[in-house]
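Residue numbers (the numbering used here): 3 to 188.
Heads up, the beta-carbon is just placed ideally off N, CA and C, and yes, glycines get one too.
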């Protein structure tokens, strides 16, 4: 290693230690969920999420902002070709719900929404059994999985719905647990 290379590497390391924390602490106001292909569906996604994980003694999925999370995940993590069946599925969900219950999903009663989503859940399970391994999953399965991911990785889901210990520690295979206790997040 030459002196020039050593100085260059040292400068890079020192620069990273100065710039890195500032960059990590910077807040970015860029919210693609509000402008992406699912921006118009955020209210619908909120209600779907809140029907999957409703409020009880802890806030539900809508309270943690599941609609923008779902919109962001479907925009950022799925290709344009994969987004087509997701958008079509959302349109189908709202159209079928309106045809069956006389009102859109967003303004439907919680009981009607639960009934309809339970039927969609049965449909996606049946489809999964008949599909090949590489096929695109049913749109409702994707929505359900992303809702669970978003909720339990949120602060409310991790600290109120699950038990959370803000202390790093070793593995304890004999942690006390009684039937009905909340599962551990950490």
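Taking the Cα of residue 75 as reference, the smallest distance to any Cα among 176, 146, 58 is reached at 146.
Annotation for residue 146: the continuous alpha helix (DSSP H) segment containing it runs 141 to 154. For the pair residue 54 and residue 177, the Cα-to-Cα distance works out to about 30 Å.
From the listed residues 171, 172, 162, 134, the smallest Cα separation to residue 183 is found for 162.
For the 8 Å CB-CB criterion, residue 52 and residue 63 form a contact. A distance below 6 Å between beta-carbons, with the five flanking residues on each side excluded, links residue 71 to the following residues of its chain, in chain order: 152. Residue environment analysis places residue 110 among the buried positions, since at least 16 neighbouring C-beta atoms fall within 10 angstroms of its C-beta. Beta-bridge partners assigned by DSSP to residue 165: 186. Residue 137 sits in coil when the DSSP states are folded into three classes, being neither helix nor strand.
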